[in-house]
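To keep things clear, I will list the structure first and then write my remarks on it.
2 protein chains.
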Amino acid sequence: MLTLAGLIERHRFPDGYRRMFLAAVGAFSERGFHGTTTREIASRAGMSPAALYVHFGSKEEVLYRIASSALDLTLEVVSEAADPALPPSGRLQSVVRVLTAWHAYHSATARVVLHQLDALTPEHLTEVAAKQREVTRVVRRIIAEGVSTGEFAAADIAGAATATLSLCLDVARWYRPGDRRTPEEISALNADAALRIVGAR
Amino acid sequence: MLTLAGLIERHRFPDGYRRMFLAAVGAFSERGFHGTTTREIASRAGMSPAALYVHFGSKEEVLYRIASSALDLTLEVVSEAADPALPPSGRLQSVVRVLTAWHAYHSATARVVLHQLDALTPEHLTEVAAKQREVTRVVRRIIAEGVSTGEFAAADIAGAATATLSLCLDVARWYRPGDRRTPEEISALNADAALRIVGAR
DNA sequence: GTCTATACAGGGATAGAC
DNA sequence: GTCTATCCCTGTATAGAC
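Chains A and B supply the protein sequences, listed in that same order.
Take 1 as the starting number for the first sequence in the numbering used here and just add one per residue.
Take 1001 as the starting number for the second sequence in the numbering used here and just add one per residue.
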């Protein structure tokens, strides 16, 4: 799977940028945006506090770059999983699997994206929230199509989509690397649960 | 249902205490613990910053009191819903319903409890985390009993409990008062989804 | 592009009057 | 039990050398 580090690699950002970026992900996920000092980020990156401002205009911009690139990556992975050649049930399983695995493998990043966005400027928040809604839309479309073909029996499409997303996203709340269950096992469990929720025949 | 304001009422806390407490819940849920200043809490409570320290020893103690009393209330409501006279399926439905409704009606409080606890002292965190595990235990016990009676067909009891809790707790992430769906409608949807997840016959 | 040093605003907590 | 005033530390961001 494409990783967050891989995404940063792809863009050929300077080494200092990458180190600050990754240090910030760790710090924000553990202590929250406001609970993290620029000194702490710099310290984790092994650099001076001033070095942060060479690569980012402000602490808020660091959060914005993290959220924005993480959601770009999520969308890319989800879109790839929603293979039009598959029937709705196969597509739902595939999307739930990658979404779950993403929130397990990148649980630190996901916690930042899910719970720190209120620290963004209104403009950045608007932009980032739109990307989040895109993910919801993909899931909802799959369920709607399954219902229209008669493959799914969900009475409430939006409700089933919300429940399905809850399963995937909440993984970021409780999963930690090294957990008893592997991300793949959790993904399989969630894919199965999602099929049951939508009433797949 | 028993409300948070009701719990505070029951304890006959001084008026200033209550106002600070409720102001802090609102502020912490919107801006996070570290993003909230003691001046902001006091301002929302219509009091001076110094007044906070008459009722609480520190800002951290405010968070601790909120988390502790909210979880006490959650446990009380959940325990009541887990009526031993009901069969496992009835008990699961009942517990999922109240847990979902709780996270909708008290979504602000729930967001604080779910995502701000890292700001607690280690001692307070240990105590509060134990209360959280109690809730998990109640759900897991119901599912285990349903499986042992043959009423449920879940192959993975802990996994089914985690998925069920995800449905209930994640409501606090997306639900806001005045949402299109009422807490009761969401509760019904989640109760149905939980039964499907555990494979109720 | 990285450092050291620092300006300056903001926030937790306390003193002491009423 | 509430207020005003304030202490003092911490945190974001910048200046300027290398």
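A virtual CB, placed ideally from N, CA and C, is assigned to each residue, including glycine.
- So is isoleucine 1142 of chain B in contact with chain A if we call contact Cβ pairs under 8 Å? no
- Determine the extent of the alpha helix (DSSP H) in which leucine 1063 of chain B is found, giving its start and end residues. 1059-1081
- Message: the ligand SAH and glycine 57 of chain A: does the residue's C-beta get closer than 7 Å to at least one heavy atom of that ligand?
- Response: Ligands are entirely absent from the displayed structure, and the ligand SAH is therefore not among its contents.
- Task: Select from A:Leu99, A:Ile41, A:Gly46 and A:Ala129 the residue whose C-alpha is nearest the C-alpha of serine 166 of chain A.
- Result: A:Leu99
- Does the beta-carbon of valine 1096 of chain B have 16 or more other beta-carbons within 10 angstroms, so that it is buried, or is it exposed? buried
- Answer with yes or no whether the minimum CB distance from alanine 119 of chain A to chain B is below 8 Å. yes
- Three-state secondary structure (DSSP) of phenylalanine 21 of chain A: helix
- Taking Cβ-Cβ distances shorter than 9 Å, what residues in chain B pair up with threonine 38 of chain A? What threonine 38 of chain A touches in chain B: nothing, since even the nearest Cβ is about 14 Å away.
- Item | Within 9 Å of chain A by C-beta, residues of the segment 1019-1048 of chain B in sequence order | Glu1030, Arg1031, Gly1032, Phe1033, His1034, Gly1035 and Thr1036
- Consult DSSP for glutamate 151 of chain A and reduce its assignment to one of helix, strand or coil. coil
- Neighbour-count burial assignment, arginine 1091 of chain B, 16 or more Cβ in a 10 Å radius: buried
- Item | Residue environment, serine 1094 of chain B, which counts as buried when at least 16 other CB atoms sit within 10 Å | buried
- Message: Beta-carbon within less than 6 Å of glycine 1046 of chain B's beta-carbon, same chain only, minus the 5 sequence neighbours each way: which residues are those?
- Response: none
- Item | Amino acids of chain B, ordered along the chain, whose beta-carbon sits closer than 8 Å to that of isoleucine 197 of chain A | Ala1193, Arg1196 and Ile1197
- Task: Using a cut-off of 7 Å between C-beta atoms, extract the partners of tryptophan 102 of chain A located in chain B.
- Result: Result: empty, since nearest Cβ-Cβ is about 15 Å, beyond 7 Å.
- Contact with chain A by histidine 1115 of chain B, beta-carbon distance below 8 Å: yes
- The alpha helix (DSSP H) with histidine 103 of chain A in it runs from where to where? 88-105
- Query: Can you list the alpha helix (DSSP H) stretches of 4 or more residues lying completely in the segment 1167-1191 of chain B, in chain order?
  - Reply: 1171-1174
- Report the residue from B:His1055, B:Ala1108 and B:His1011 whose alpha carbon sits nearest the alpha carbon of alanine 1027 of chain B. B:Ala1108
- Proximal residues of chain A, C-beta to C-beta of serine 1166 of chain B below 7 Å: Ser166, Leu167 and Asp170
- Please confirm if alanine 163 of chain A has its CB atom under 8 Å from at least one CB of chain B. yes
- Task: Kindly list, in the order they appear in chain A, the residues whose Cβ is closer than 9 Å to that of arginine 1176 of chain B.
- Result: Neighbours of arginine 1176 of chain B on chain A: none; closest Cβ ~13 Å, over 9 Å.
- Message: Helix, strand or coil for proline 122 of chain A? Go by DSSP, reduced to three states.
- Response: helix
- Task: State yes or no: is the beta carbon of aspartate 83 of chain A nearer than 8 Å to at least one beta carbon in chain B?
- Result: no
- Span of the alpha helix (DSSP H) holding arginine 44 of chain A? 38-45
- Message: Classify alanine 155 of chain A: buried if its beta carbon has 16 or more other beta carbons within 10 angstroms, exposed otherwise.
- Response: exposed
- Message: So, at 8 Å on beta carbons, what are the nonlocal neighbours of serine 1089 of chain B in its own chain, with the 5 sequence-adjacent residues on each side left out?
- Response: Gly1146, Glu1151, Phe1152, Leu1195 and Ala1200
- Task: Show which residues of chain B have a CB atom less than 7 Å away from the CB atom of aspartate 156 of chain A.
- Result: Leu1189
- Item | Cut-off 6 Å between Cβ atoms - residues of its own chain near serine 187 of chain A, not counting five sequence neighbours on either side | Arg97, Thr100 and Ala101
- Query: Taking Cβ positions, are histidine 55 of chain A and alanine 119 of chain A nearer each other than 8 Å?
  - Reply: no
- Task: Please report how far the alpha carbon of glutamate 30 of chain A lies from the alpha carbon of glycine 159 of chain A, in whole angstroms.
- Result: 31 Å
- How far does the alpha helix (DSSP H) with valine 1054 of chain B in it reach, from first residue to last? 1052-1055
- Within 8 Å (strictly less), CB to CB, does glycine 159 of chain A reach chain B? yes
- Could you give the distance in angstroms between the alpha-carbon of serine 1058 of chain B and the alpha-carbon of threonine 37 of chain A? 21 Å
- Item | Buried or exposed (CB count within 10 angstroms, at least 16 for buried), histidine 11 of chain A | exposed
- Message: Classify arginine 1176 of chain B: buried if its beta carbon has 16 or more other beta carbons within 10 angstroms, exposed otherwise.
- Response: exposed
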